[in-house]
């Protein structure tokens, strides 16, 4: 009984020691247990160990050495040891293993080494590196984490520290791998070792610190690995490339001592800090973008988007961070402001809008096309320099794409870029893009023509400046500001309007319609003006001193069509109607006017008046004039001659509407109409006033006509009352 009682006391004491050993680092291991077995031998088999006992901290504490074979950890509830040396061996089984370290000998650490062959942690119960323990991963061979044949997930839990040395990769195998770093844990890469996979996926859940602090090369986490961070990811040396999903809800730091960190898809709401000289690259594919949902970017380094990135829920990027975009898409679902951008390829998407911050700068570079899609917008509150030849496209249908340059902003075309819909010529897809400029839209270099195709409309409330080459607009162009042609010209192929002036000595060419728009104005031109054969000039007249006009310092070349319209003056509704004769000088060209309009459309005139367009040497005048009346020209052939007598004779004493009667004559055709014919005989429409060289009707002609008239009158009177009347 005494032995039984004594044994029970020892068992209780041993259990208490086990609990205490698991709770804190051991003072120092009592025994080093070495594995003697081969493959698939049980941990609980004492015959496989030297000394011949089960290594599991209790009354006695252990360091364990596994340098060959495959140990099946089968001790129910798991085992706890101070340290583990796992070299070119396998740790399998279904029960957990906990490493607690040594408090009095912190320099004694656990190691996981693959030197001559791969070394594997396979047990589905997992391995825990306790808060006081350190596990060093070493060697050039692969270290595999995962149970074989899909037997379940294997977890490496890090409450203490894991340090990775050597070039050998860490692979997810079998049923998959999880590296779980708690708030107290540190997983530190001190080499350029990669994370690979042999079939399955791996997961890194980091609530502590996951870092790369040594190695000048690149550490790759292949696409099978997912990183979920609520702690700190810190890249302090070399480069870290995560090709799989990265979810950062904590801190992601790329220090100036590093060169690059690369992330692919995922969703992140945490912070990203990129030091000067370092780069954070987003390489996510289009079908699985990296979504920055309320994330915040800071630092003086570079954010490089080579894949697809979405910014939403007021994600922010500090103005000090340089952003380069050469990927497939940058989508904004909430407003995004950037201080420094280089856009060399890809699509700008989303309804949030991208703003180049005041004082910020951006370049649109390279030969690849860039696209602004449906509903997307680029706001240039700072400056944009277009340095590449690649097209700036829109494929927007319905809710168009917009480029807005507010007051203080500058959009500078330094190359002969084209604004397009990816198709040449007309706009077959009904896509739409709009440029609204209240700042400066400039072409400063390139030598040739920069071209906005017809799907791009342009509204100018600021300044459009052509310092070099030519700026061509195929779509609608509204000029409420000024177009300055100091070193080049502008070609307007679409419908152009607006009261703004065209300053400078450059040529302004109109191949579409042009008018001042909703308000009448005098538009000034500092250089030459040319209207092409497809152009239409619209002039409005609302009063004697209220009409459209063009004042041209250079020359004016006319072609195409001319349309004049009467408009309602002021707040009235009825169009202006001139009362009498008025002249409107609508075009003045100091260096002369050449050419003519193919067609002229003039408004309705007051009764007895007509509109006349007179093209002079230096001006074009629209006049409201009396219609010239050639009295006596009853057959309206432009000359008063004997044929007109015949018309009078045939309609005498009838209600016939005789043309070109003398003023004051009305009613039936009468003797007075004959007298008027005689008075104007020989006159022509081109010489209405009496001409000295036009003879009066000869006596013989008058006698002949009078005889005919008398005969007609006599017959008429005889038929009427049989009383002849002498005279005409």
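Numbering (our numbering), first residue to last: 134 to 861. Glycine included, each C-beta is placed from N, C-alpha and C at the ideal position.
Problem set entry | Stretch-stretch touch, CB-based, cutoff 8 Å, three pairs: the segment 743-760 with the segment 785-793 | With fewer than three CB-CB distances shorter than 8 Å, the segment 743-760 does not count as touching the segment 785-793.
For this session: Between the Cα of residue 624 and those of 320, 367, 647 and 614, spot the shortest distance and give me the residue it belongs to.
Result: Within the chain shown, numbered from 1, the residue matching residue 624 stands at position 491. Ranking the options by Cα distance to residue 624, first place goes to 647.
For this session: Specify the secondary structure class of residue 680 as computed by DSSP and reduced to three states.
Result: Start at 1 with the first residue of the chain shown, and residue 680 comes out as number 547. If DSSP states are grouped into helix, strand and coil, residue 680 belongs with the strands.
Problem set entry | Start-to-end residues for the beta strand (DSSP E) that takes in residue 767 | Sequence index remark: in the chain shown, residue 767 carries index 634 (1-based). It is not in any beta strand (DSSP E) - residue 767 carries neither H nor E in the DSSP assignment.
For this session: May I have a chain-ordered list of the beta strand (DSSP E) segments no shorter than 3 residues that lie completely inside the segment 646-680?
Result: 646-648, 655-658, 662-664 and 669-676
Exercise. Would the segment 180-200 and the segment 255-262 be scored as touching if the rule is three or more Cβ pairs under 8 Å?
Worked result: no
Exercise. Sorted by chain position, which residues of the same chain lie with C-beta nearer than 6 Å to residue 388's C-beta, five sequence neighbours on each side aside?
Worked result: The sequence position of residue 388 within the chain shown is 255, counting from 1. Same-chain partners within the cutoff: 369 and 408.
For this session: Could you work out which residue in 330, 467, 814 and 484 is closest to residue 359 when comparing CA atoms only?
Result: Reading the chain shown from its first residue, position 226 is the one you call residue 359. It is 330.
Exercise. Rounded to a whole number of angstroms, what is the C-alpha to C-alpha distance between residue 253 and residue 501?
Worked result: As a working note, residue 253 is residue 120 in the chain shown. As a working note, residue 501 is residue 368 in the chain shown. About 48 Å.
Problem set entry | Identity of the residue in 546, 584, 296 and 654 nearest residue 520 by Cα | As a working note, residue 520 is residue 387 in the chain shown. Of 546, 584, 296 and 654, the residue nearest in Cα terms is 546.
Exercise. Which two residues bound the contiguous alpha helix (DSSP H) that contains residue 636?
Worked result: Taking the chain shown and counting its residues from 1, the one referred to as residue 636 is at position 503. Per DSSP, residue 636 belongs to no alpha helix (DSSP H); it is in the beta strand (DSSP E), 634-636.
Exercise. Taking the continuous beta strand (DSSP E) assigned at residue 391, which residues delimit it?
Worked result: Residue mapping note: residue 391 aligns to position 258 of the chain shown, counting from 1. Taken as a continuous stretch (DSSP letters only), the beta strand (DSSP E) holding residue 391 covers 391-396.
Exercise. Roughly how many angstroms lie between the CA atoms of residue 638 and residue 730, to the nearest whole one?
Worked result: By one-based count along the chain shown, residue 638 stands at place 505. By one-based count along the chain shown, residue 730 stands at place 597. Each residue's Cα considered, the two are about 24 Å apart.
Exercise. Is residue 549 near residue 602, with beta carbons less than 8 Å apart?
Worked result: As a working mapping, residue 549 is identified with position 416 in the chain shown. As a working mapping, residue 602 is identified with position 469 in the chain shown. For residue 549 and residue 602, yes; Cβs fall inside 8 Å.
Exercise. Do residue 570 and the ligand ZN come close, with the Cβ less than 7 Å from some heavy atom?
Worked result: What this structure holds is no ligand at all, so the ligand ZN is not there to describe.
Problem set entry | Unbroken alpha helix (DSSP H) run spanning residue 804, endpoints | In the chain shown, the residue the question calls residue 804 occupies position 671. First-last of the alpha helix (DSSP H) with residue 804: 804-813.
Problem set entry | Rounded C-alpha distance that separates residue 800 from residue 733 | Numbered from its first residue, the chain shown carries residue 800 at position 667. Numbered from its first residue, the chain shown carries residue 733 at position 600. Roughly 37 Å between the two C-alpha positions.
Exercise. Can you give the Cα-Cα distance for residue 679 and residue 709, rounded to whole angstroms?
Worked result: The residue you call residue 679 lines up with position 546 of the chain shown. The residue you call residue 709 lines up with position 576 of the chain shown. If I take the Cα positions, the gap works out to 10 Å.
Problem set entry | residue 169 at chain D interface by Cβ criterion, 8 Å | Absence of chain D from the displayed structure is noted, only one protein chain being present.
For this session: Return the chain-ordered ranges of every beta strand (DSSP E) run that is complete within the segment 180-239 and spans a minimum of 3 residues.
Result: List check, beta strand (DSSP E) in window: 195-199, 203-206, 212-214, 216-220, 223-226 and 230-232.
Problem set entry | Spatial neighbours of residue 759 in its chain, beta-carbon cut-off 7 Å, leaving aside the 5 residues before and after | For the purposes of this step, residue 759 is taken as residue 626 along the chain shown, with counting starting at 1. Taken in chain order, the residues that qualify are 714, 741 and 742.
Exercise. Hey, how far is the Cα of residue 841 from the Cα of residue 772?
Worked result: Along the chain shown, one-based indexing puts residue 841 at 708. Along the chain shown, one-based indexing puts residue 772 at 639. Low confidence applies here, because residue 841 scores a pLDDT of 45, under 50, leaving its location unreliable; read the following figure in that light. Between residue 841 and residue 772, the C-alpha separation is close to 21 Å.
For this session: Use the C-beta contact count for residue 770: other C-beta atoms within 10 angstroms, 16 or more gives buried, fewer gives exposed.
Result: Here residue 770 is taken as the residue at index 637 of the chain shown, counted from 1. Classification of residue 770: exposed, given that the 10 Å Cβ count is below 16.
For this session: Give me the Cα-Cα distance between residue 611 and residue 630, rounded to the nearest whole angstrom.
Result: Reading the chain shown from its first residue, position 478 is the one you call residue 611. Reading the chain shown from its first residue, position 497 is the one you call residue 630. Answer to the nearest angstrom: the Cα atoms are 5 Å apart.
Exercise. For the putative contact between residue 445 and residue 467, defined by C-beta atoms under 8 Å, what is the C-beta separation to the nearest angstrom?
Worked result: Residue numbering aside, residue 445 sits at position 312 when the chain shown is read from its first letter. Residue numbering aside, residue 467 sits at position 334 when the chain shown is read from its first letter. Contact flag correct, Cβ pair sits at about 5 Å.
Exercise. How should residue 693 be labelled, buried or exposed, when 16 other C-beta atoms within 10 angstroms of its C-beta is the threshold for buried?
Worked result: Locating residue 693 in the chain shown gives position 560, where the first residue counts as 1. Buried, since its Cβ has 16 or more Cβ neighbours within 10 Å.
For this session: Report back the beta-carbon spacing between residue 383 and residue 403 to the nearest angstrom; my notes put them in contact at under 8 Å.
Result: Locating residue 383 in the chain shown gives position 250, where the first residue counts as 1. Locating residue 403 in the chain shown gives position 270, where the first residue counts as 1. At roughly 5 Å, the Cβ-Cβ gap stays under 8 Å, so residue 383 and residue 403 are in contact.
For this session: Kindly list the residues whose CB is nearer than 6 Å to the CB of residue 756, restricted to its own chain and excluding five residues on each side of it in sequence; keep chain order.
Result: Taking the chain shown and counting its residues from 1, the one referred to as residue 756 is at position 623. For residue 756, where only same-chain residues beyond five positions count, the Cβ hits under 6 Å are 716 and 745.
For this session: Determine the burial state of residue 761: buried for a count of at least 16 other Cβ atoms within 10 Å of its Cβ, exposed for fewer.
Result: For the purposes of this step, residue 761 is taken as residue 628 along the chain shown, with counting starting at 1. With fewer than 16 other Cβ atoms from the protein chains shown falling within 10 Å of its own Cβ, residue 761 counts as exposed.
Exercise. Rounded to a whole number of angstroms, what is the C-alpha to C-alpha distance between residue 309 and residue 281?
Worked result: If you number the chain shown from 1, residue 309 lands on position 176. If you number the chain shown from 1, residue 281 lands on position 148. When rounded, the distance between both Cα atoms is 9 Å.
Problem set entry | Unbroken alpha helix (DSSP H) run spanning residue 778, endpoints | Working through the chain shown from its first residue, we reach residue 778 at position 645. It spans 775-783 - the alpha helix (DSSP H) in which residue 778 sits, taken as one unbroken run.
Problem set entry | Status (buried if at least 16 other CB within 10 Å, exposed otherwise) for residue 249 | Position 116 of the chain shown, counting from 1, holds the residue named residue 249. When all chains shown are included, residue 249 counts as exposed.
Exercise. Curious, which full-length beta strand (DSSP E) runs of at least 3 residues does the segment 332-420 contain?
Worked result: 335-339, 342-345, 351-354, 358-362, 365-368, 371-375, 379-381, 384-387, 391-396, 399-401, 404-407 and 412-415
For this session: For residue 397, count neighbouring Cβ atoms within 10 angstroms of its own Cβ and tell me buried if that reaches 16, exposed if not.
Result: Numbered from its first residue, the chain shown carries residue 397 at position 264. Here residue 397 is buried. Its C-beta has 16 or more other C-beta atoms within 10 Å.
Exercise. If we call anything under 8 Å between Cβ atoms a contact, is residue 471 one with residue 489?
Worked result: Mapped onto the chain shown, residue 471 falls at position 338. Mapped onto the chain shown, residue 489 falls at position 356. Yes, the Cβ-Cβ distance between residue 471 and residue 489 is below 8 Å.
Exercise. What is the DSSP secondary structure of residue 491, reduced to helix, strand or coil?
Worked result: Working through the chain shown from its first residue, we reach residue 491 at position 358. Reduced to three states, the DSSP call for residue 491 is strand.
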